[in-house]
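So the sequence shown is numbered by the numbering used here: it starts at 1 and just counts up by one.
One structure is given below, encoded as C-alpha cells.
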Amino acid sequence: MKTVASALLVILSFTALAQKQTFDLITYTVPKGWKQTANSADVVGYAITNDAKGTYCQVALYKSMGTMGNAQLDFDTDWKDLITSTYAVTTAPQMTPATTQAGWNKITGTAPFAYNGGQSQAELITLSGFGKRVSILILSNTKDYKTITDNFIATLELKKTEEAVQPVAETNTSIAGTWTMSTSDQSSYRVNNGISNAITRQYTFSDKGTYTFYTKSFDQLMNAILLSRENGTYQISGNHLTIMPEKSVLEAYSK
Numbered sequence: 001m002k003t004v005a006s007a008l009l010v011i012l013s014f015t016a017l018a019q020k021q022t023f024d025l026i027t028y029t030v031p032k033g034w035k036q037t038a039n040s041a042d043v044v045g046y047a048i049t050n051d052a053k054g055t056y057c058q059v060a061l062y063k064s065m066g067t068m069g070n071a072q073l074d075f076d077t078d079w080k081d082l083i084t085s086t087y088a089v090t091t092a093p094q095m096t097p098a099t100t101q102a103g104w105n106k107i108t109g110t111a112p113f114a115y116n117g118g119q120s121q122a123e124l125i126t127l128s129g130f131g132k133r134v135s136i137l138i139l140s141n142t143k144d145y146k147t148i149t150d151n152f153i154a155t156l157e158l159k160k161t162e163e164a165v166q167p168v169a170e171t172n173t174s175i176a177g178t179w180t181m182s183t184s185d186q187s188s189y190r191v192n193n194g195i196s197n198a199i200t201r202q203y204t205f206s207d208k209g210t211y212t213f214y215t216k217s218f219d220q221l222m223n224a225i226l227l228s229r230e231n232g233t234y235q236i237s238g239n240h241l242t243i244m245p246e247k248s249v250l251e252a253y254s255k
C-alpha cells in the first residue's frame with residue numbers, strides 16, 4: 001500500500017509540474033526547473049540559471065494589445081518599445097522568415113546586446129491576428145536552452161478573439177505636405193520684461209513615405225539659436241502614424 005501511495009504521489013507531482021497555465025490570451029506549460037520571476041497584469045516571466053557556467057535564460061509573456069493592422073509594423077513597434085528602449089542593442093534585428101502559428105502571423109527577430117560584462121541575445125516574437133498582437137521576449141547568454149525555448153514557443157496555445165474592425169487604410173498622400181506648429185512663452189515675467197522666445201516645429205511628409213523634420217529655438221535668454229534637422233521614413237496604418245528617424249543634426253548659431 002505504501003508503494004502504491006508513493007507512486008501515486010509521484011504521478012500527481014509530475015502532473016502538477018506539467019500543468020498548463022493561462023495568461024491573457026496565452027496558454028502554456030512552464031519548462032521544468034524554471035522559476036517565475038514576474039507576475040503582474042501586464043507581464044509574466046520565467047527564468048533559469050546555471051551558476052557554475054554563469055549562464056541564464058529568461059522568457060517574458062506580455063499582455064496582448066491591439067494590432068496596428070500590419071504584422072511587420074506590430075513587430076517594429078514592439079522592438080522599439082521592448083528592446084531598444086531597454087537594452088544596449090546597437091544593430092538591427094536579424095529576422096527569421098515570417099510564418100503562421102494557429103492562424104496568427106508570427107514574426108521573429110534577434111540581436112546581441114552587452115549585459116553584465118558579457119554578450120547576451122534578445123529574441124522577440126510578435127504574433128499578430130484577430131485584432132490583437134501578442135509579444136514574447138527571450139533573453140539569454142547561452143544556446144543551452146534554445147531547444148527548450150523553441151519548444152515552449154511552438155506549443156503555445158493562443159485564444160482567438162473576435163477580430164476588431166480595422167479602420168480604412170490611409171495612403172501617404174493623406175498627410176503629404178508641410179505641417180508647422182509654433183509656440184512661445186507668454187508668462188508674465190517675459191511679457192513684463194520684454195523677453196521673447198519662440199519654438200517652431202515643422203514636418204514635411206512626401207507621398208513616397210519619407211519625411212523631414214525641422215525645429216528652430218530662439219530665446220533672448222540664450223546665447224545661440226538652436227536648429228535641429230531630422231529625416232527618415234514613415235508608415236501609416238489606420239489612424240496610426242509611425243515615424244522611423246534615420247539621421248538627425250543639431251546645430252547652434254551665435255546671435
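Built from N, CA and C at the ideal position, the CB exists for glycine as well.
Since the structure is predicted, the reported quantities are computational estimates derived from the model, not experimental observations.
Under DSSP, the beta strand (DSSP E) around residue i begins and ends at which residues?
i	result
residue 197	197-205
residue 224	224-237
residue 221	Run containing residue 221: none; DSSP gives neither H nor E here.
residue 253	240-254
residue 142	Per DSSP, residue 142 belongs to no beta strand (DSSP E) and is neither H nor E.
Measuring straight from C-alpha to C-alpha, what distance separates residue i and residue j?
i	j	result
residue 204	residue 66	29 angstroms
residue 45	residue 35	8 angstroms
residue 105	residue 50	34 angstroms
residue 76	residue 108	11 angstroms
residue 132	residue 152	21 angstroms
residue 216	residue 40	43 angstroms
residue 233	residue 241	11 angstroms
residue 91	residue 194	49 angstroms
residue 209	residue 175	10 angstroms
residue 245	residue 235	12 angstroms
residue 124	residue 179	35 angstroms
Tell me whether the beta-carbon of residue i lies closer than 7 angstroms to the beta-carbon of residue j.
i	j	result
residue 122	residue 111	yes
residue 159	residue 61	no
residue 198	residue 184	yes
residue 137	residue 120	no
residue 231	residue 212	yes
residue 69	residue 238	yes
residue 229	residue 253	no
residue 134	residue 85	no
residue 263	residue 221	Residue numbering for the chain in the displayed model covers 1 to 255; residue 263 lies beyond these limits and cannot be assessed.
Along the chain, where does the alpha helix (DSSP H) containing residue i start, and where does it finish?
i	result
residue 150	146-154
residue 188	188-193
Does chain C have any CB closer than 7 angstroms to the CB of residue i?
i	result
residue 98	Included in the structure is just one protein chain, with no chain C present.
Where are the alpha helix (DSSP H) runs, 4 residues long or more, that stay fully inside the segment 27-84, in chain order? 71-78
Quick one: which unbroken beta strand (DSSP E) runs of 3-plus residues sit fully inside the segment 98-122? Chain order, please. 104-115
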